[in-house]
Amino acid sequence: MPGLQFLAASLSVLLIAGAFALLGYIIVKLKTRSPYSKSTFEAIWEIEKVVLETTDFDEATHKVVNIILTQLGYLKYGYQVIVLTLLDQQKGVLKRIAISETEAAGKFLKASPIPFQNIEIPLTSNENLSVKAISDKQIKVTDKVADVLYPALSRKWVEDFQKQLGIKTSIVFPVTAKEKVLGALIFSLNKERSLMKPEEWTILESFVGSVGIALDNALLFKSLKSTTEQLAFANTRLKELDKLKDDFVSVASHELRTPMTAIKSYLWMGLNKYGKLPTKAKSDLKSNGQTKLPEDLQKYMSRAYISVERLINLVNDMLNISRIESGRIALRLTDVDLVQLANDVIDEVKAKAAEKDIKLKLNVHIYPKVLADPDKIHEVYLNLIGNALKFTSTGGTVTVDFKEKLPFIYVSITDTGVGIHKEDISRLFTKFGRLDNSYVASASSGGTGLGLFISKSLVEIHKGTILATSEGENRGTTFTFSLPIIGTEIATKLHHDAPQETADTKDLEKTSVNVI
Amino acid sequence: MNPKKILLVEDDQFTRELYEEVLKDAGFDTTTAVNGEEGLSHIQEGGFDLILLDVMMPKMDGLEVLRSLRNEPPKTNNGPIVLLTNLTNDPVFNSAYGLNVGVKDHIVKSDITPGDLLIKVKKFLEEPQS
């Protein structure tokens, strides 16, 4: 899944970027606000470790609030509770997400009338000091804890509880990263504001800066994780749907084939016994030459027979397209001699060419082998040579030629047939892109209108290209496709990227070439 | 020489009757069965030179017939079994060959004409039994 790989790659880039940002931040702080105690320095490193090692959001936030107390030993300086709150812009609230594991915090958690996680402050509550700190992007200090808990908890309750714990000061720091406010850190102390030393402020500030980066990273992790999960889920669902579609197409085609087989077989019986078969199919069945079909009935039945054959081809082609598009056509790659393969196909269609007195020419020089699935390329050849025979009138020529131009072998099939208008060429390879779409034209061409689309798809999954050129109407057409020569870089890449055989992959349906 | 005995197991009435007509006209001693169960009981009696077995059938499908044959081989030996189906490229074929109960080939019905069927049947009957 390229999407996930991309996410994983961005994740590691973010990690590294985060680490450098933090390091840079620390260096700047160290230079401008020295001297720092050893423990402060260690605590900052500890935070960086959290950023680097913790991908779980909740774990990261809990570590962050506890490091300050345990690593720095700020408990003894009167720091009782540290709370991390986070902005939820969607809900328009400030949410509490982590609290230090201190004794005072434990008492609060026990006593609080609503669970800690449910304490939400609406961003419209301008009286609340955390909201103010965030909107002003300024540090706020108060001697009333209720200022940071109102209106989620009543002032009366908080005042009583504050007395029990002996908290005298609460400080709210807005937590920012990349100039964006993420939330607020609330420190509650059991000493007066006036007793705080200037270094304490400095250290708290640099901590909050580090927490901002840590939090930003943790948030990114969280959103990436959920996006990844959503993508994985969507992908699984898509695969299921794809499988359902493919199964449906398979079953439907089987159901269609049963009546089509009956129509085809019964028409064949009638034509074989009493009339003339449209194709010169070999028959061991005795035909009853005594009762000839009336000329008009012979025509009706022949045309019905030709049409049902087309219908069967159409079902096969649609199955093929469904499989190609859902990646269920596996490639069995091997070294292929394109000249030999062309020769095999020419042998197959020789009789049909002879019927129309069309010359088939093949350049028999030796060319390097290509990497391909011979069955699939056989289909491409059959389609292109079949087309050339179809659209070339009696006495014409179809030539198969090759050109080596690293890293590809180019195969060209040139006919002396009806040719194509330049402006129509782009439509050739689309589904049902046959040019003259009137029924008579398509019936006499005997094709399904899907052959070139399938050929193009097959060549392209081999990392080759296919194109058509024509000098214009009645001046013939050349189809050229390319396949990678074995041992080239692109052949290696094909080996690597080609759809592999799995329980879900299937072969191509064979469609017959009808030259009428 | 007695005519060769062929068993045709096919649930679709039109297809079955047509193939039966073609085979009988060509002089084969043709027995038909309209579902897997009926087919299986004929196969277990044995003595057919060739068995044409449909795959997708009500009651008991072709693959189930083959599995039953593996557990309970026929009293008298039969000739080769050829799957007659409109399934294509299906894993069912590999399972069928893998059971090793005499499946020699499979024919996709929509790809052949009655004439082709007869050509194939004659070929299967000519091949030496291995």
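The listed protein sequences derive, respectively, from chains R and S. Counting along the first sequence from 1, when you hit position 222 you're at 222 in full-length UniProt numbering, and nothing is skipped either side. Counting along the second sequence from 1, when you hit position 19 you're at 19 in full-length UniProt numbering, and nothing is skipped either side. Glycine residues also receive a C-beta, built at the ideal position from the N, C-alpha and C atoms. Bear in mind the structure is a predicted one, so any value in this text is a computation, not a measurement.
R/G212 is classed as buried because its beta carbon has at least 16 other beta carbons within 10 Å across all chains shown. In the DSSP assignment, R/S482 falls within the beta strand (DSSP E) that extends over 477-484. Annotation for R/I139: no beta strand (DSSP E) segment contains it, and DSSP assigns it neither H nor E.
Using a Cβ-Cβ cut-off of 8 angstroms, R/S265 counts as an interface residue toward chain S, since at least one Cβ of chain S sits closer than that to its own.
Between R/P499 and R/F408 a beta carbon distance of about 20 angstroms is seen, past the 8 angstroms cut, so the two are scored as non-contacting. With its beta carbon at least 8 angstroms from every one in chain R, S/F93 lies outside the interface. Under the Cβ criterion of 8 angstroms, R/M269 is counted among the residues facing chain S. Closest in C-alpha terms to R/G472, from the list R/K276, R/L69, R/S112, R/D415, comes R/D415. DSSP places R/D507 outside both helix and strand once states are collapsed to three, so it counts as coil. According to the DSSP assignment, R/K299 belongs to the alpha helix (DSSP H) that extends over 295-325.
Secondary-structure assignment with DSSP links S/L53 through a beta bridge to S/V9, S/L83. Separation of R/D246 and R/L382 (C-alpha to C-alpha, rounded to the nearest whole angstrom) is 25 angstroms.
Fully enclosed alpha helix (DSSP H) runs of no fewer than 4 residues occupy 146-149, 155-165 of the stretch 145-211 of chain R, in order along the chain. For the stretch 99-110 of chain S, the set of residues with a beta-carbon nearer than 7 angstroms to any beta-carbon of chain R comprises K109, S110, in chain order. The C-alpha of R/E159 lies about 22 angstroms from the C-alpha of R/I139.
The Cβ of S/T31 sits no closer than 8 angstroms to any Cβ of chain R. R/P198 counts as exposed, since fewer than 16 other beta carbons sit within 10 angstroms of its beta carbon.
For the stretch 236-258 of chain R, the residues whose beta carbon sits under 7 angstroms from a beta carbon of chain S are, in order, H254, R257, T258. Annotation: S/H42 is outside any beta strand (DSSP E); the continuous alpha helix (DSSP H) that includes it extends over 36-45.
By the CB criterion at 8 angstroms, R/W268 and R/L256 fall outside the cutoff.
The Cβ of R/I413 sits no closer than 8 angstroms to any Cβ of chain S. DSSP lists R/R96, R/A184 as the bridge partner or partners of R/T85. Taking a 10 Å sphere around the C-beta of R/H495, we find fewer than 16 other C-beta atoms and assign the residue as exposed.
For S/E127, there is no enclosing beta strand (DSSP E), as DSSP marks it with neither H nor E.
S/A96 is not a Cβ neighbour of S/L50, given a cutoff of 8 angstroms.
Nearest C-alpha to S/K24 among S/Q13, S/E10, S/L40, S/P3: S/P3. Around the beta carbon of R/L149, 16 or more other beta carbons sit within 10 angstroms, so the residue counts as buried. In terms of Cβ geometry, R/L428 and R/A388 do not form a close pair [threshold 8 angstroms].
Any Cβ of chain S closer than 8 angstroms to the Cβ of R/M318 would place that residue at the interface, and such an atom is absent. Residue pairing for R/T414: DSSP places it in a beta bridge opposite R/T399, R/T478.
A check of alpha carbon separations from R/T399 across R/H421, R/V339, R/S223 identifies R/V339 as the nearest.
Within its own chain, the residues whose Cβ lies closer than 8 angstroms to the Cβ of R/K456, once the five positions on either side in sequence are excluded, are F429, I466, listed in chain order. Interface residue (Cβ-Cβ distance to chain R less than 8 angstroms): S/L18 is classified as such. If you ignore the 5 residues before and after R/D216, its C-beta comes within less than 6 angstroms of the C-beta of A177, all in its own chain and listed in chain order. According to the DSSP assignment, R/K107 belongs to the alpha helix (DSSP H) that extends over 103-111. When DSSP states are grouped into helix, strand and coil, S/H106 belongs to the strand group.
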